[in-house]
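Input: a single structure, listed below in structure tokens.
Numbering (our numbering), first residue to last: 5 to 143.
Here it is in structure tokens:
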């Protein structure tokens, strides 16, 4: 399995760090951000794994925006430090849901760092794939 990953906020500090991490390891990444032609809703329709990596004050707005555009065979994930409100919204996604909390700043390389995964009742094969991917590549 080599899913297409989409990162909303992929030009931000954390989003770009993870985009490069995935790309450097052969994973294709789509990015939407304020300055991209690709819109959040288009990314949500195309990606197998959609990761929301935006400032916490925008997270809920972005989640509500993309929910109707997600595919049932996709996974929705986030990089927010606050988990309960986003996960309540994400639970409405048609496919998988996994919360992710990187325990480091964007100036650190990802290998050797701790990433907390917050599985839900809707976590599945894509969630397992990303967990194994992180483990295989040193996180």
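Just so it is clear, CB atoms sit at the ideal spot from N, CA and C, and this is done for glycine as well.
- Counting along the chain, no alpha helix (DSSP H) covers residue 72, and no H or E run does either.
- When the Cα atoms are used, residue 64 and residue 142 turn out to be separated by approximately 30 Å.
- The continuous beta strand (DSSP E) containing residue 103 extends over residues 100 to 106.
- Between residue 127 and residue 81, the alpha-carbon positions lie close to 10 Å from each other.
- DSSP places residue 81 in the uninterrupted beta strand (DSSP E) bounded by 79 to 82.
- An exposed status is given to residue 89, since fewer than 16 other beta-carbon atoms sit within 10 Å of its beta-carbon.
- In the DSSP assignment, residue 36 forms a beta bridge with 12.
- Boundaries of the alpha helix (DSSP H) harbouring residue 88: 88 to 94, taken from the DSSP string.
- DSSP links residue 123 through a beta bridge to 102.
- DSSP places residue 134 in the uninterrupted alpha helix (DSSP H) bounded by 129 to 140.
- Residue 107 sits exposed, since fewer than 16 C-beta atoms from the chains shown fall within 10 Å of its C-beta.
- Non-local C-beta neighbours of residue 76 in its own chain, meaning closer than 8 Å and more than five positions away in sequence, comprise 98 and 99, ordered along the chain.
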